Every structure is written in C-alpha cells, then in structure tokens.
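**Student:** Okay, handing you the structure first.
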Amino acid sequence: MITTAFIETPLGIASITGDEEGISEISITNNTEEEHTNIIPETLKEAVTQLQDYFEGKRDHFDVKLNPSGTDFQKKVWKELTKIPFGKTVTYLDIAKNLGDPKCIRAAASANGKNPLWIVIPCHRVIGSDGSLTGYAGGLWRKKWLLDHESPIKQQTLF
Numbered sequence: 001m002i003t004t005a006f007i008e009t010p011l012g013i014a015s016i017t018g019d020e021e022g023i024s025e026i027s028i029t030n031n032t033e034e035e036h037t038n039i040i041p042e043t044l045k046e047a048v049t050q051l052q053d054y055f056e057g058k059r060d061h062f063d064v065k066l067n068p069s070g071t072d073f074q075k076k077v078w079k080e081l082t083k084i085p086f087g088k089t090v091t092y093l094d095i096a097k098n099l100g101d102p103k104c105i106r107a108a109a110s111a112n113g114k115n116p117l118w119i120v121i122p123c124h125r126v127i128g129s130d131g132s133l134t135g136y137a138g139g140l141w142r143k144k145w146l147l148d149h150e151s152p153i154k155q156q157t158l159f
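In UniProt numbering, the protein residues as written are 1 to 159.
Okay, structure coming up:
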C-alpha cells in the first residue's frame, strides 16, 4: 500500500511517498498552509528520520530503499546522481560524460529535472559548466540553500 508522510523542513513542507518496495517520491511545496497529518507510516519512518537528520546536519548520505518511476535512461541518470559526494558539485556535461556520451547532455539535464526523489537523489549538486546555478524544479533559492548547507566551509561571523 502506497503511503505518504509530511515533514516540515527549512525549505517548506516535504512530502514523502512510498511503500514496502521503497520510496517513490519526495517533493517540496511552497504551501505552508497545506493540510497534512503528523502520523508517519511505518514504511516511511526511516526515510523521515534520515531526511530530518540531513536537515539537522547529522547526515551526509542516504541509505533508504528507493523505487522511483522513470524510463531506463532516467534511472541511469538518477543512479549517476547518487554518486555525487556530499558537499561536491558536478556539471551536466560531467554527468553526460560519465554516462559514456557527452552528446546526451540535454537528455541528461532533462532526466535530472525529472528526478522524483528530492535531496536523496542529489540533483541539486549539478551546476552549469560555468559554475552557475541553473535549473532547479524547487527554485534556485532552494538549490543555493542546499549547496550552502552541504558546504564543508561554513560561514562564520567575526563577532
């Protein structure tokens, strides 16, 4: 049975959907007024815990069972995204090259944009070849926040 859980994050309300086969979708909403329950289904408890740990700075990787829906190519791209280390970024061209075909850059970027597992499959770690923050379904401000959150160099105040 597919179930959904909602958690508050610094970036909005996250919706986590899945079943015994794994997590199929994690998304974020701007709607802070959205009706949701705080009851966490048993099948989603580990994913909820890991996401909360991530936002609290206690986790730099995820090891929940994933079950996203997508084409074979999309799944290949998403698997490649999971290889990007915490606190690091790669370019869309890097992804295409790692897939074995630099010419598939647009297709890889499209698959990246269709990633159904926000944060767990770290599409936010993919940037433009010029270092710019490009395209992010959740909004570029969220992408920047996530990259800053994962940055090994934390800004500190002098006073």
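A virtual CB, placed ideally from N, CA and C, is assigned to each residue, including glycine.
What you are looking at is a predicted structure, and each value in this text was computed from that prediction instead of being measured.
Would you identify the three-state DSSP class for V77, choosing helix, strand or coil?
**Tutor:** helix
**Student:** Less than 7 Å between the beta carbons of V77 and I84, yes or no?
**Tutor:** no
**Student:** With a cut-off of 8 Å on the beta carbons, I'd call E46 and V64 a contact; round off their distance for me.
**Tutor:** 5 Å
**Student:** Could you tell me which uninterrupted alpha helix (DSSP H) segments, each at least 4 residues in length, are contained entirely in the stretch 94-137, listed from first to last along the chain?
**Tutor:** Those alpha helix (DSSP H) runs which fall completely within the stretch 94-137 and span 4+ residues are 105-113.
**Student:** Which residues in the same chain have their Cβ closer than 8 Å to the Cβ of W145, if we skip the five residues on either side of it in sequence?
**Tutor:** P10 and L11
**Student:** Check whether the stretch 98-108 and the stretch 67-77 are in contact - that is, three or more C-beta pairs closer than 8 Å.
**Tutor:** yes
**Student:** Please report how far the alpha carbon of P116 lies from the alpha carbon of S151, in whole angstroms.
**Tutor:** 23 Å
**Student:** Could you pull the DSSP bridge partners for L66 from this structure?
**Tutor:** Answer is I23, bridged to L66.
**Student:** Using 10 angstroms around the beta-carbon of W141, count the other beta-carbons present and answer buried if the total reaches 16, otherwise exposed.
**Tutor:** Its Cβ having fewer than 16 others within 10 Å, W141 is exposed.
**Student:** Can you tell me where the alpha helix (DSSP H) holding F86 begins and where it ends?
**Tutor:** Neither: F86 is in no alpha helix (DSSP H) and is coded neither H nor E.
**Student:** Identify, in the order they occur along the chain, each residue of the same chain with its Cβ nearer than 6 Å to the Cβ of F86, setting aside the five sequence neighbours on each side.
**Tutor:** D60 and E150
**Student:** When the distance is taken between beta carbons, is D19 closer than 7 Å to I39?
**Tutor:** no
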